[in-house]
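Notes follow once the structure below has been shown.
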Ligand SMILES: Nc1ncnc2c1ncn2[C@@H]1O[C@H](COP(=O)(O)OP(=O)(O)OP(=O)(O)O)[C@@H](O)[C@H]1O
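Residue numbers (the numbering used here): 5 to 254.
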């Protein structure tokens, strides 16, 4: 695996120009409790943004809010194409959500929903299985795969749609080092093909390997955002410095 030549984007999967996504003073509150506060952030096309922060900082909520699973209770979320929730974006969760079907059927299903015809779909599924090393598992029930295989399938299924943006919520949190490496390679492959990556992680090593930009959250607030190199060599805030030193636990 690795960053091969750019693949053909599947018919019907691409709606050009959903990025940048702008969050303008976004907040999210539940029962009067502010879980995200006054977030202003721009997701630029073609970048790999890693969201860092201690447990409970709001990383998952931020990803869900960007993806459209939850709605801001204040501020604005603005996609460049003006839509409320563009189709050309996908999300992969820490625990993959797979259909009670075969591996191949899991990849085929969203392609069918996009209206891709049977022949093109079959070809697309075969190509996706092949490029992500899943061909031997094609006819296995997805829910009986190992955790690493399931996450590989979830990534492959998302990648088959050639999304403009892929949101990843701690995609390697429960994986061993070898499975983690495979998922990181998939992330880099999709990134090299033009998919914008927005990923949360606890793993600072992973953040250093993947991030071009970093957004650091603490207690629902965006404390720092900018290029990864600057963040790792000279972050400005005491909270981020404490986090990098392993001294910020929540
Ligand atoms: N629906 C909800 N109702 C009330 N509180 C919630 C809800 N969803 C999340 N929270 C709280 O919001 C905070 C942020 O949660 P979130 O899952 O985004 O954190 P996180 O940064 O992803 O944490 P972790 O690294 O532990 O996964 C937590 O304190 C969590 O308990």
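Cβ coordinates follow ideal geometry from the N, Cα and C atoms, glycine included.
| Asked | Found |
| --- | --- |
| Can you tell me the Cα-Cα spacing of residue 242 and residue 56, whole angstroms? | 14 Å |
| Check the C-beta distance from residue 80 over to residue 42 and give it rounded, since I have them as a contact under 8 Å. | Contact doesn't hold; Cβ gap of about 12 Å is too wide. |
| Three-state secondary structure (DSSP) at residue 160? | helix |
| Does the beta-carbon of residue 117 have 16 or more other beta-carbons within 10 angstroms, so that it is buried, or is it exposed? | exposed |
| State the Cα-Cα distance for the pair residue 237 and residue 147, rounded to the nearest angstrom. | 42 Å |
| Within the present structure, is the beta-carbon of residue 61 separated from the nearest heavy atom of ligand 1 by less than 7 Å? | yes |
| So, helix, strand or coil for residue 5, using DSSP? | Reliability fails at residue 5, whose pLDDT of 39 lies under 50, so the model's placement of it is uncertain and no value is given. |
| Please classify residue 274 as buried or exposed, where buried requires at least 16 neighbouring CB atoms within 10 angstroms. | Not covered by the structure: residue 274. The range shown for the chain is 5 to 254. |
| Taking the straight line between their C-alpha atoms, what separation do you get for residue 47 and residue 63? | 15 Å |
| Would you list the residues sitting across from residue 31 in a DSSP beta bridge? | 78 |
| Once DSSP output is grouped into helix, strand and coil, what is the label at residue 14? | The pLDDT assigned to residue 14 is 44, lower than 50, so where the model puts this residue is not dependable, and the model offers no usable value. |
| If we cut at 8 Å on Cβ distances, does residue 235 have a partner in chain B? | Of the chains in the structure shown, none is chain B; there is only one protein chain. |
| Say whether the stretch 177-189 touches the stretch 147-167, bearing in mind that this needs 3 or more beta-carbon pairs closer than 8 Å, one atom from each stretch. | yes |
| Flag this pair as touching only if the stretch 107-126 and the stretch 213-226 have three or more C-beta atom pairs under 8 Å; answer yes or no. | no |
| Please classify residue 163 as buried or exposed, where buried requires at least 16 other C-beta atoms within 10 Å of its C-beta. | buried |
| Can we count residue 204 as close to ligand 1, meaning its CB is less than 7 Å from some heavy atom? | yes |
| Measuring alpha carbon to alpha carbon, tell me which residue in 179, 34, 161 and 131 is nearest residue 152. | 179 |
| Under 8 Å by Cβ, that's how I've got residue 172 and residue 219 pegged, so tell me the actual separation to the nearest angstrom. | Not confirmed; about 14 Å, so no contact. |
| Cβ atoms of residue 174 and residue 52: under 8 Å apart, would you say? | no |
| Could you give the residue range of the alpha helix (DSSP H) that holds residue 238? | 232-238 |
| Anyone know if the C-beta pair for residue 177 and residue 98 falls short of 8 Å? | yes |
| Following the continuous alpha helix (DSSP H) through residue 260, name the residue where it begins and the one where it ends. | The shown model of the chain, from 5 to 254, leaves out residue 260, and the question about it has no answer. |
| Note down, in chain order, each residue of its chain lying with its Cβ closer than 8 Å to the Cβ of residue 122, except the 5 sequence neighbours on either side. | none |
| On the criterion of 16 or more Cβ atoms from any shown chain inside 10 Å, does residue 44 qualify as buried, or is it exposed? | exposed |
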